[in-house]
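These protein sequence lines map, in sequence, to chains X and V.
Counting from 1, one number per residue, gives the positions in the first sequence under the numbering used here.
Counting from 156, one number per residue, gives the positions in the second sequence under the numbering used here.
The C-beta atom is built at its ideal place from N, Cα and C for all residues, glycine as well.
Keep in mind the model is a prediction, meaning the values are calculated, not measured.
Working notes, beginning with the structure itself.
Number of protein chains: 2
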Amino acid sequence: MEQRKSDAPAEPLSKERLRLWLKLLKASSLIEDELRRRLRADFDWTLPRFDVMSALARTPDGLRMSEISKQLRVSNGNVTVIVDKLVKEGLALRVAVPDDRRAQLVQLTPQGQTIFAEHAGVHEAWVDEMLGGLNADDIDGMILRLDHLTKSLEG
Amino acid sequence: MEQRKSDAPAEPLSKERLRLWLKLLKASSLIEDELRRRLRADFDWTLPRFDVMSALARTPDGLRMSEISKQLRVSNGNVTVIVDKLVKEGLALRVAVPDDRRAQLVQLTPQGQTIFAEHAGVHEAWVDEMLGGLNADDIDGMILRLDHLTKSLEG
DNA sequence: TTCAAAATGTTTAAGCTTGAAATAAATAAA
DNA sequence: TTTATTTATTTCAAGCTTAAACATTTTGAA
């Protein structure tokens with residue numbers, strides 16, 4: 001870790017933050033674009049679709065529409081369209097909520113679970129390949145700092 | 156397959172990489188969404204528009220359409236639409252390239268430069284505020300590792 | 001009870017983005 | 001020269017996303 005002059009003024013830190021943001025955005029976009037491209041080329045899936053199925057796969061009991069849109073930070077209307085398609089293809093189904101006739105739970109069908117498991121495995125291998133240039137120290141260091149950042153952003 | 160320390164099997168590192176990617180994506184999306192929201196609310200600007208003007212501001216001599224789309228990793232057609240609007244609003248102009256009648260340089264007008272400078276200052280303050288939770292060590296550590304990552308992604 | 005406010009989802013209109021096709025100009029090959 | 005290929009850009013159709021408007025149900029206060 002390099003040392004800083006104790007009298008380092010405030011302005012450079014602000015410039016460094018901007019630099020950091022541009023680098024963060026670039027790395028994230030590079031990965032996201034490539035994942036999106038492969039998902040489309042290999043499976044004819046969109047990234048939001050993968051994300052919705054991923055959220056559903058983590059919660060076998062099902063999620064409400066609003067819970068999905070909140071988790072993925074995507075509009076409600078968007079989730080409606082994606083889930084409609086999943087249902088039409090037999091990968092998900094809507095289940096009534098006993099206590100609340102407005103709401104409904106969305107669950108993966110067994111077929112949806114099977115297909116997602118396959119795709120998720122390939123997806124994980126892609127990420128592993130793309131981030132392969134990082135060693136264990138890089139990974140831990142970034143996770144640590146990203147946790148700081150996200151915490152301060154959400155707090 | 157290469158040998159590994161008995162206490163460090165291959166799987167955990169792969170899982171860590173996936174965890175890192177999810178955290179990277181989350182932090183990046185949080186910041187990007189908020190910037191987009193503020194840009195729209197305060198200036199009625201889109202983020203791609205800001206990005207195009209930013210690229211042009213860095214190169215006073217002007218950029219070709221294809222150079223813009225390459226820098227921003229955005230489709231050519233998209234750049235056409237954005238530049239059309241900038242030109243219509245008097246913030247940018249198209250200049251013929253002497254040697255090549257297919258191409259044209261896009262430059263910011265003086266008005267475009269002035270307006271962008273104002274917005275860029277506000278934008279930088281937003282970023283500074285959002286990343287304010289990070290100390291100098293966090294920033295340096297992340298920049299270092301993001302450079303590793305981007306280099307390995309592009310290489 | 002009764003009615004206003006809040007919550008859950010869906011629909012719709014508008015804007016954004018992409019990829020493919022089209023146009024036009026420059027370059028290379030025969 | 002003539003033809004084919006490559007390069008630069010625009011146009012267009014299709015899909016994605018959002019925000020706002022809408023319909024329905026639940027909650028809570030008078």
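Taken through DSSP and simplified to helix, strand or coil, X:Val-74 comes out as coil. When DSSP states are grouped into helix, strand and coil, V:Leu-185 belongs to the helix group. Judged by DSSP secondary structure, V:Arg-204 falls within the alpha helix (DSSP H) whose first and last residues are 202-213.
Taking a C-beta distance under 7 Å as the contact criterion, V:Ala-251 and V:Gly-267 do not qualify as a contact pair. Nearest to X:Val-83 by C-alpha distance, out of X:Pro-98, X:Arg-101, X:Gly-132 and X:Ser-54, is X:Ser-54.
V:Met-297 reaches chain X at Leu-20, Lys-23, Leu-24, Gly-141, Met-142, Arg-145, Leu-146 and Leu-149, counting residues in chain order whose Cβ is nearer than 9 Å. At the C-beta level, X:Leu-146 and V:Ala-182 come within 7 Å of one another. Counting only residues of its own chain and dropping the five nearest sequence neighbours on each side, V:His-278 has a CB closer than 8 Å to the CB of Leu-190, Leu-194 and Phe-205. By the Cβ neighbour-count rule, X:Arg-17 is buried, with 16 or more other Cβ atoms within 10 Å of its own. Burial is judged here by how many other beta carbons sit within 10 angstroms of a residue's own beta carbon; X:Asp-137 has fewer than 16 and is exposed. Identification of residues in the region 214-242 of chain V having a C-beta nearer than 7 Å to some C-beta of chain X yields Arg-228, given in sequence order. Taking a Cβ-Cβ cut-off of 9 Å, X:Leu-39 has no neighbours in chain V, whose nearest Cβ is about 14 Å from it.
Using a Cβ-Cβ cut-off of 8 Å, V:Arg-172 is close to Val-127, Asp-128, Leu-131, Gly-132, Leu-134 and Ile-139 of chain X, given in chain order.
The C-beta of V:Val-236 has fewer than 16 other C-beta atoms within 10 Å across all chains shown, which makes the residue exposed. Taking V:Pro-253 as reference, the option from V:Arg-219, V:Val-229 and V:Thr-269 with the minimal CA-CA separation is V:Arg-219.
X:Val-79 and X:Leu-108 have their C-alpha atoms some 14 Å from each other. Non-local beta-carbon contacts of V:Phe-271 in its own chain, meaning distances under 6 Å to residues more than five positions away in sequence, involve Met-208 and Ala-212 in chain order.
For X:Asp-33, the chain V residues whose Cβ falls inside 8 Å of its Cβ are Arg-228, in order along the chain. In this chain, the alpha helix (DSSP H) harbouring X:Ala-120 covers 110-130.
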